[in-house]
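Numbering (this note's numbering), first residue to last: 968 to 1179. Don't be surprised by glycine CBs; every beta carbon is placed ideally from N, CA and C. Reviewing the structure listed below.
Below you can see the structure in the form of structure tokens.
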């Protein structure tokens, strides 16, 4: 009798252990399965597609430089100077930029910009050059109808038509005539002034006095 009771107890313990192990195996595992995450992250196409979809949903889009509308005017800097202003607290340094704008179709202008930063001074010079834009009178071949001689400050400039010779000029005078689109002319500077801004302003004045 005692042997039968011992055998029954051992059988009962073994069955309970097997049931416990089975129930433990059927439960959910505590370790996370990251195999799917690894596959998704390693797949470059899927991540790119997700990024594109999120970019389309975002209303803020990056505007590239090539997508921006290009300005119709060509700009050239003729002089950059560092200026100093004396105030009560000491000296303040800044920059002065002189710039020429033109479309090479008869429109040209000169502007000056002053600021503590070079980029800001250039922006101011561009705005002023657009305000000072003039439309010159040229012939069909983009030359001038007659010669003209003007004086602006200490600068004295003469512009003469020269058929077939191209553009013969120097310094800022050539820059103004080139951006205005003028061809087959010869420009002469009679004064000793080397001020590029005054020479450019004198050229604008000479072109503005042309009459057909």
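query = To which residues does DSSP link residue 1066 through a beta bridge?
reply = Within the chain shown, residue 1066 is the residue found at index 99, counting from 1. Note: residue 1066 sits in a beta bridge opposite 1044, 1078.
message = Can you tell me where the alpha helix (DSSP H) holding residue 1178 begins and where it ends?
response = On the chain shown, residue 1178 is found 211 positions in, with the first residue counted as 1. Looking at the DSSP string, residue 1178 is not in any alpha helix (DSSP H), and its letter there is neither H nor E.
task = Compare the Cα-Cα distances from residue 1139 to each of 1122, 1098, 1108, 1127 and report the closest residue.
result = Indexing the chain shown from 1 puts residue 1139 at position 172. Measuring from the Cα of residue 1139, the nearest candidate turns out to be 1122.
inquiry  = Taking the beta carbon of residue 1051 as the centre, do at least 16 other beta carbons fall within 10 Å, making it buried, or is it exposed?
reply    = Within the chain shown, residue 1051 is the residue found at index 84, counting from 1. The residue is exposed, with fewer than 16 neighbouring Cβ atoms inside 10 Å.
task = From the DSSP output, in three-state form, read off residue 1088 for me.
result = Against the chain shown, residue 1088 aligns to sequence position 121. Residue 1088: helix per DSSP, three-state reduction.
task = Pair every Cβ in the region 1145-1165 with every Cβ in the region 1083-1096, then say whether three or more of these pairs are closer than 8 Å.
result = Touching, no.
According to DSSP, residues forming a beta bridge with residue 1083 = Taking the chain shown and counting its residues from 1, one reaches residue 1083 at position 116. Paired residues: none, contrary to the question.
task = Pick helix, strand or coil for residue 1132, following the three-state DSSP scheme.
result = Mapped onto the chain shown, residue 1132 falls at position 165. Three-state result, residue 1132: coil.
inquiry  = I'd like to check one pair, residue 1074 with residue 1060: are the Cβ atoms closer than 8 Å?
reply    = In the chain shown, counting from the first residue as 1, residue 1060 sits at position 93. In the chain shown, counting from the first residue as 1, residue 1074 sits at position 107. No, they are not a contact pair.
ask   = So is residue 1055 buried or exposed if we call it buried at 16+ other beta carbons inside 10 Å?
value = Within the chain shown, the letter at position 88 stands for residue 1055. Classification of residue 1055: exposed, given that the 10 Å Cβ count is below 16.
query = Excluding sequence positions up to five away, which residues of its chain have a Cβ less than 8 Å from the Cβ of residue 1081?
reply = Here the question's residue 1081 lines up with position 114 in the chain shown. Contacts found: 1050, 1061, 1062, 1063, 1064, 1088, 1091.
query = Does the beta-carbon of residue 1136 have 16 or more other beta-carbons within 10 angstroms, so that it is buried, or is it exposed?
reply = For the purposes of this step, residue 1136 is identified with residue 169 of the chain shown, where counting begins at 1. It counts as buried.
inquiry  = Looking at the secondary structure, which residues open and close the alpha helix (DSSP H) in which residue 1143 lies?
reply    = Counting from one through the chain shown, the residue named residue 1143 turns up at place 176. Counting along the chain, the alpha helix (DSSP H) containing residue 1143 begins and ends at 1138-1147.
inquiry  = Which residue wins for smallest C-alpha separation from residue 1173, given the options 1159, 1105, 1046, 1083?
reply    = Position 206 of the chain shown, counted from the start, is the residue given in the question as residue 1173. When only C-alpha atoms are compared, the closest one is 1105.
message = Can you check which of these residues, 1146, 1085, 1116, 1127, is closest to residue 1067 by C-alpha distance?
response = Position 100 of the chain shown, counted from the first residue, corresponds to residue 1067. The candidate whose alpha carbon is nearest that of residue 1067 is 1146.
inquiry  = Taking the beta carbon of residue 1053 as the centre, do at least 16 other beta carbons fall within 10 Å, making it buried, or is it exposed?
reply    = Here residue 1053 refers to the residue found at position 86 of the chain shown. By the 10 Å Cβ count, residue 1053 comes out exposed.
request  = Give me the Cα-Cα distance between residue 1164 and residue 1100, rounded to the nearest whole angstrom.
outcome  = For the purposes of this step, residue 1164 is taken as residue 197 along the chain shown, with counting starting at 1. For the purposes of this step, residue 1100 is taken as residue 133 along the chain shown, with counting starting at 1. If I take the Cα positions, the gap works out to 15 Å.
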